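Working notes for the structure below.
Number of protein chains: 2
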Amino acid sequence: MESAIDKHLKCPRTLSRRIHDEYEPPFAMWVARADESLQQVVMAYFGVQFKSEQKAIALKAMQHIVQSFSLDNGPQNHDITHHTDNQGYENYIVVGYWRDPGAYCRWFRSTEVSHWWDSDERLNDGIGYFREIVIPRADQFETLYAFKEDLPGVGAVMDDISDDIQEHGYWGSARERFPISQTDRMLANGELHIISGDPEKGGRVLVQGHDNITLIRSGQDWVNADEKERELYFNEMLPSLQAGMDFLRDEGQALGCYSNRFVRNVDIDGNLLDIAYDIGYWRSLDKLERWAESHPTHLRIFTTFFKVVTGLQNLRLYHEVSVSDAKNQVFEYINCHPQTGMMRDAQMT
Amino acid sequence: MESAIDKHLKCPRTLSRRIHDEYEPPFAMWVARADESLQQVVMAYFGVQFKSEQKAIALKAMQHIVQSFSLDNGPQNHDITHHTDNQGYENYIVVGYWRDPGAYCRWFRSTEVSHWWDSDERLNDGIGYFREIVIPRADQFETLYAFKEDLPGVGAVMDDISDDIQEHGYWGSARERFPISQTDRMLANGELHIISGDPEKGGRVLVQGHDNITLIRSGQDWVNADEKERELYFNEMLPSLQAGMDFLRDEGQALGCYSNRFVRNVDIDGNLLDIAYDIGYWRSLDKLERWAESHPTHLRIFTTFFKVVTGLQNLRLYHEVSVSDAKNQVFEYINCHPQTGMMRDAQMT
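Chains as they are written, first to last, in the numbering used here: chain Y, 1 to 349; chain E, 1001 to 1349.
Okay, structure coming up:
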């Protein structure tokens, strides 16, 4: 057993863990590892928002974004999702992961990419676009997997999987897997602000974030699950999960949840895959913790998971959580409805 | 709002809290306060164990113990409970609270009390007796009340009620209400040992404890509750509570729960009152925390409590939790069945 915090990210603590050194978790879980060359990662969510009748245009736009990932300096990993939001809009999101922010910058600043994104044509495509990009440093994110191979998300751009880790199985363990938690509470400062544009008018809107906005990606993959595990997922877990995710989407604002999207993976043609995850933005990690450890829907998911985790074979459950500095965030919306992403809770300045 | 840790018990921290300084709990709760003259309290559980056919003798024994509390240096507060254990024995427990361990010693060493307890007659009464006494220092216990008047248990021997306190509403808050948690993790050392007698043979058995055995008293009082609150208690809370308490009683050993008794208050004649509490002994506070924050029955109790707490009028919910040094514990059993109290998990030496 080893700490979730990798050796090269350890430092003298000013903040202690909840658990004592001899704590033993009730079952094994693992985290992704990367060597010191990984300094900062880019998690870039590119969205396409549309009404059903514009599906053909939206699909093409999504495919264009995916194709742009093949250009020089493109991401090392990506996946594609679909969801319908609570305003009745469909959304494709293509998320790319870069292990090197420099490569991301070179990619984004390439003519093909930046011209496409910045072009006025995007304002006239008849659909919406958004990009939500956070660039956490190596000490600003944590992962947790109930499996050890073919890591999804940020894990795919890292090097390896850990040995069994100690910091899991108790509330507060996500925080304690963050290397920065050794010395920093990751508190929010400031508020979301509209710094350009007007959500009600459409067009381009830029939202300014603040330090320590917390992004969680929490996923389930039942591609290779047998009937029994599918039953477990669909009957025992999904109802609570869906209720919890709907609650956060519709009523999360009061709790500090800026945006919550429960998305389903799709292939390049938009066909549904047996993979899903939630993308949640929170004002700060402590707000996410309070919800996770007290809301009945999440507690039900959690107790079910505890009950079945040691028997899981091919139902793959995991999450990744990050915080980022305001200066390492980009939130841009083009012709999206005003409830989209960070716009909903952002103040006009 | 103020800290659950009283001013005179604050000290420079070596261990940090889970919460940040600006944390605001979702609703108000309170703790008992005492001035610096309270250095250490005695929580003394005196038990009478019997088969139903010996009820008359047992009742007399229980009444004798209660009457002895009126002698000089008796406790400032006491109450009486009844429960049937999982071996089919009934038990009366009289619990006394002393604010001054010196007074307790003088009381117990008085001829009337010590002679009665030490007399060989107790071996021949045809019923069992036990005493479980823990004497935590002021920094070794915490309380939590969802009400502010007529505090039960240890609160009744203290001076006052706090203002709204900060450390509640999150997992780990019980620990963080302990003054000693500022510098000490309250870890268990050693094991329970039989130091005299043999549980299988009956007679007198003494069990040696170890540092930081954790005692929780967690109570409900529906004496003045109206129909709606009784319904809430009996229909929404009690089923989960009963299931959780039965689980700990019967299967708690593997989790570090040494003993669990869900008891009902009675009057001096043994008539049931509308007051109940659980008396749980744990190897250490972290074992109790792990159970409380992960077991479905407790999570259900917890989420129900969260839902209804702000509306509670006369359903009184509270708990008190203590740890104690091995040298400040007494566990003695006289003709009790070998599953009683600390005997079940104690090793013969």
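Don't be surprised by glycine CBs; every beta carbon is placed ideally from N, CA and C. Nothing here was measured: the structure is a model prediction, and the numbers come from that model.
The C-alpha of Thr214(Y) is placed about 52 Å away from the C-alpha of Asn1091(E). For Cys336(Y), no pairing in a beta bridge is given by DSSP. Within a 10 Å sphere around the beta-carbon of Asp221(Y) sit 16 or more other beta-carbons, which makes this residue buried. Under the 8 Å Cβ criterion, the stretch 131-139 of chain Y counts as touching the stretch 327-347 of chain Y, having at least three qualifying pairs. For Pro1199(E), the CB contacts under 6 Å within the same chain, skipping 5 residues up- and downstream, are Val1205, Pro1338 and Met1343 in chain order. Spanning the alpha carbons of Gly1169(E) and Val1309(E) requires a straight line of approximately 11 Å. In terms of beta-carbon proximity, Pro1179(E) stays away from the interface with chain Y, with every pair separated by 8 Å or more. In this structure, the CA atom of Ser1003(E) is about 11 Å from the CA atom of Glu1024(E). When DSSP states are grouped into helix, strand and coil, Cys1257(E) belongs to the strand group.
Going by C-alpha positions, Cys257(Y) is about 16 Å away from His193(Y). At a cut-off of 8 Å between beta carbons, Phe306(Y) contacts chain E. The residues Met1 and Ala28, in chain order, have a CB closer than 6 Å to that of Asp164(Y) in the same chain once the five nearest residues on each side in sequence are set aside.
Nearest CB-CB separation between His1168(E) and chain Y: not below the 8 Å threshold.
Of all residues in the stretch 1077-1099 of chain E, none has a C-beta nearer than 7 Å to a C-beta of chain Y.
Residues of chain E with a Cβ closer than 7 Å to the Cβ of Arg18(Y) are, in chain order, Arg1018 and Gly1172. Rounded to whole angstroms, the separation of the alpha carbons of Ile5(Y) and Arg177(Y) is 6 Å. Cα atoms of Ser284(Y) and Asn189(Y): separation of roughly 9 Å, rounded to the nearest angstrom. Excluding residues up to 5 positions away in sequence, Glu90 and Asn91 lie with their Cβ nearer than 8 Å to the Cβ of Thr84(Y) in the same chain.
Neighbourhood of Asp286(Y) in chain E, by CB distance below 8 Å: Ile1019, His1020 and Tyr1023, in chain order.
The residue from Gly1280(E), His1008(E) and His1020(E) with its alpha-carbon nearest to that of Glu1036(E) is His1008(E). DSSP, read as helix, strand or coil, puts His298(Y) in helix. Taking the Cα positions, Ser1181(E) is about 38 Å away from Gln329(Y). For Asn212(Y), the closest alpha carbon among the candidates Asp325(Y), His20(Y) and Met348(Y) is that of Asp325(Y). Following the DSSP letters along the chain, one finds Phe130(Y) in no alpha helix (DSSP H) but inside the beta strand (DSSP E) bounded by residues Gly128 to Val134.
Residue state for Val309(Y) is assigned as helix, using DSSP reduced to three classes. Taken through DSSP and simplified to helix, strand or coil, Gly252(Y) comes out as helix. When the beta-carbon positions are compared, Gly47(Y) and Tyr97(Y) stay at least 8 Å from each other.
Counting only Cβ-Cβ distances below 7 Å, Arg290(Y) has contacts in chain E at Tyr1170, in chain order. For the pair Ile1127(E) and Gln1049(E), the CB atoms are nearer than the 8 Å cut-off. With a threshold of 16 other beta carbon atoms within 10 Å, Gln1347(E) falls short and is exposed. Proximity of chain E to Glu293(Y) at the Cβ level (cut-off 9 Å) is accounted for by Tyr1170, Trp1171 and Glu1293, in chain order.
Its Cα nearest to that of Asn260(Y), the residue Arg217(Y) stands out among Tyr318(Y), Leu317(Y) and Arg217(Y). Assignment of Val31(Y) by DSSP, reduced to helix, strand and coil, places it in the coil class.
Here the C-alpha atom of Tyr1277(E) lies approximately 18 Å from the C-alpha atom of Val1157(E). At a cut-off of 8 Å, the C-beta of Thr1340(E) has no neighbouring C-beta in chain Y. The criterion of a C-beta distance shorter than 8 Å is satisfied by Ser162(Y) and Trp30(Y).
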